[in-house]
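Residue numbers (the numbering used here): 29 to 192.
Ideal Cβ positions, reconstructed from N, Cα and C, are used throughout, including at glycine.
The model shown is predicted, which means the values in this text are computed figures rather than measured ones.
A quick write-up on the structure given underneath.
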Amino acid sequence: MSPHQILIVGSGDVAASLESISATLGWAPAVVTTEADVTSRLPDAESVVVLSHDENLDGPALAAALTSSASYVGAMGSRRTQERRRDWLLANGVGAGLADSIRGPAGLDIGAETPAEIAVAIIAEVIAFRRGAADAGFLSDRSGPIHVRATPGSSECPGDTVVP
């Protein structure tokens with residue numbers, strides 16, 4: 029099985045943290061900062077996270093991502109930034125339904141403040157979205173098994189690795 033391809037559009041501390049965390053998860057992150065790089069890397073991307081606040085990059089990147097085969101498209105930024113991007117998308121031929129499918133502001137609401145915490149929140153949302161748990165909450169609030177793929181009654185964590 030090939031690693032999950034995540035395209036990170038933009039630079040800075042959040043991009044660096046997203047790249048590092050993605051690599052730790054065994055994913056294949058690609059950080060890009062130009063529209064040409066978005067175009068060349070997008071066909072392989074399963075998830076796209078736009079961090080750029082540059083109107084000349086974030087709008088075209090989002091428009092391309094929305095019409096790609098990426099199953100997750102998220103964008104960091106304030107609600108005002110999200111509205112600016114939506115207006116740009118509508119003005120450039122992207123339909124309202126497609127524009128509204130962007131996960132933005134990207135990330136689960138975990139109270140993140142630092143770049144690394146913001147990256148964790150975004151990665152958590154990507155994972156939740158990929159696993160069909162887009163409305164994820166606290167584990168302590170969930171009934172039933174914690175590891176849904178584990179054998180019922182098993183006390184082993186599927187994530188544990190036994191080292192001889």
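When secondary structure is reduced to three states using DSSP, ILE138 falls in the coil class, being assigned neither helix nor strand. Between the C-alpha atoms of ALA92 and GLU141 there is a straight-line separation of about 29 Å.
Contact between ILE49 and GLU74 does not hold, since the beta-carbon distance rounds to 16 Å and is not under 8 Å.
Residue pairing by DSSP puts GLN33 in a beta bridge opposite ALA56. Per DSSP, VAL101 is one residue of the beta strand (DSSP E) stretching across 100-103. A distance below 8 Å between beta-carbons, with the five flanking residues on each side excluded, links ALA98 to the following residues of its chain, in chain order: LEU35, LEU70, ALA73, GLU74, SER75 and VAL76.
VAL76 sits in a strand when the DSSP states are folded into three classes. With a threshold of 16 other beta carbon atoms within 10 Å, ALA124 falls short and is exposed. Straight through space, the alpha carbons of GLY105 and LEU79 are spaced by roughly 7 Å.
Under DSSP, ARG131 takes part in a beta bridge, and its partners are GLY102. In the structure shown, SER48 adopts helical secondary structure according to DSSP, grouped into three states. For GLY38, the closest C-alpha among the options ARG108, VAL66, PRO31 and GLY54 is that of VAL66. By the C-beta density criterion, SER45 is buried, having at least 16 other C-beta atoms within 10 angstroms. Of the residues assessed, ASP137 falls on the exposed side of the cut-off, its CB having fewer than 16 other CB atoms within 10 angstroms.
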